[in-house]
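Quick note: the sequence shown, position 387, residue 763 per our numbering, numbers continuous.
One structure is given below, encoded as structure tokens.
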Amino acid sequence: MQRSATSRLGQFLDQLLRPTVHRHMEYTTFLNGADFIRKLNEYTTDKEHRIRSTTIFASISISNFHAIVPHKTMLNVFKDFLNDCTIRPFIEDLHINKITHLTALFLYHNHFYYNHKIYRFAKGSPTSLSYTQTLANIYLYQWQKLFSRQTSIKNEFFGRCQNQLFFTWNETEDELRTLLNMVASQDPNVIFDFEIGRRIPFLDAVIDKYEGELATTIYHNPKRQKYTLPYAINNAKLAHSHWLRSALIRAVRYCTTVYEFDFERISLEVACLANGYSLEFVEKRVNHFYTFFDATSLRQSLDQNVYEKLRLRLFNFISEQKLTGKRNQESEKKNERVRLFYLNAFGSKRKFNTQLREILSNYLKRKESSSASSKPNEIKILSTAKYQYSLNALLSQQKPNHPLLKKTMTKK
């Protein structure tokens, strides 16, 4: 699928449109749970925010996110979106009519093989293709206007992360249910469930109020087993080290009070210890976390003021990560950032990576010295080890062949 002409077309269109789509939807889109918590906290600092002791929280979960509407309806919405969000009828010198035709080509030519038959998608497209999500976001952005047109939504906190939508409500619960039923009747293509209340989970966070003030913490699904670590495919120690750091960062962003964060920190440490890691392993990584973000005093005293500064620092860290990601994408487009993968069965990865970079650097220097170019581009090389043995490699099966898949098109 990833090497087919349709997937390459989808990749091209996604790279072309995603910056425009992101820029147009940025203010009502949550990239992830951390971005949602950051924007919700920023909303509460606004003098016109409407979070009260009686405020109701509402979340909507869309079940048919990747296959919402037939292709014809999707193309009509897609065309309207491009006309609304572009001043000129061009995106990077490509006319929006041509972009629409290419999108139609992408949608109508997605096929898959199952049980000795070939099928074509009537709605949506493969979830493995990033353009599928971009198209779904475009349709749901237009669908969200059914909410934004309501006067009762004005000045409320409102946004969506993929198929999850969240907003605040300050009218009665009956009026909210009436609004949701109206939206469901006006566009029956979107199938959704909703949850409303003064304390609800959303994107692995619990949204609550304490004495009229916003209070958030991490949501723990009661159906999940406690003190388990994520499954690691390659180097488990390295993967769980990164996981612990990420989990601590998420705990700071999600937890409103320092005491809730400290409880989460203890739970994370217990999870590592219960799965065989030493106390030295845990202490080294937790201390590095506090040192890196300049909050070592929290190890001795749970000071809410110090914790607030740490939260602000980590919320700002999101913006820094976004800028770094954009710079890396630009470098990859200019071929200034290269990723190399190699199989590793034994030996020191650090030593191998060092020697690999030295060999490649010396080669590039010799090539640049013999080149006529006076100003060579700097190239950053990232080398990552892949492990040969995994359950996926052992248990996966080759896709079955079919005579239709081997036929080539002949010109008449």
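Even for Gly, the Cβ is constructed at its ideal location relative to N, Cα and C.
Remember, it's a predicted structure, so these values are computed and weren't measured experimentally.
query                                                                                                                      : result
For L522, three-class secondary structure by DSSP                                                                          : helix
The region 427 to 444 contacting the region 494 to 506, beta-carbon criterion three pairs below 8 Å                        : yes
Close beta carbons around E708, own chain, < 7 Å, minus the five adjacent residues each side                               : none
Stretch pair the region 383 to 401 + the region 506 to 515: three plus CB contacts closer than 8 Å                         : yes
Given 8 Å, three or more beta-carbon pairs between the region 573 to 589 and the region 605 to 623                         : no
Local Cβ density within 10 Å of G652, reported as buried at 16 or more and exposed below that                              : exposed
Same chain, Cβ closer than 7 Å to E468, neighbours up to 5 away in sequence not counted                                    : L392
Assigned exposure category for S360 - 16 Cβ within 10 Å defines buried                                                     : Here the chain comprises residues numbered 377 to 788, so residue 360 is not present and cannot be evaluated.
Chain-order list of residues whose beta-carbon lies under 6 Å from that of F488 (same chain, five-residue window excluded) : Y495
Collapsed DSSP secondary structure at K787 in the structure displayed                                                      : Per-residue confidence for K787 stands at a pLDDT of 45, beneath the threshold of 50, marking its modelled position as unreliable; the derived number appears in the next sentence. In this structure, K787 counts as coil in the three-state DSSP scheme.
Neighbour-count burial assignment, Q520, 16 or more Cβ in a 10 Å radius                                                    : buried
Pick from Q562, K685, Y603 and L451 that is closest to L649, judged by C-alpha positions                                   : Y603
Extent of the continuous beta strand (DSSP E) run through C537                                                             : F534 to C537
For A410 and A381, the rounded distance between their alpha carbons                                                        : 36 Å
Bridge-paired residues (DSSP) for R713                                                                                     : K756
Touching by the beta-carbon criterion (3+ pairs, under 8 Å), the region 448 to 455 and the region 468 to 481               : yes
Exposure of D436, with buried meaning 16 or more beta-carbon neighbours within 10 Å                                        : Correcting the residue type first, residue 436 is Ile in the shown sequence and not Asp. When all chains shown are included, I436 counts as buried.
With 16 other Cβ atoms within 10 Å as the buried cut-off, status of T332                                                   : Since the first and last residues shown for the chain are 377 and 788, residue 332 lies out of range.
Rounded straight-line distance, which links the Cα of F568 to that of L389                                                 : 28 Å
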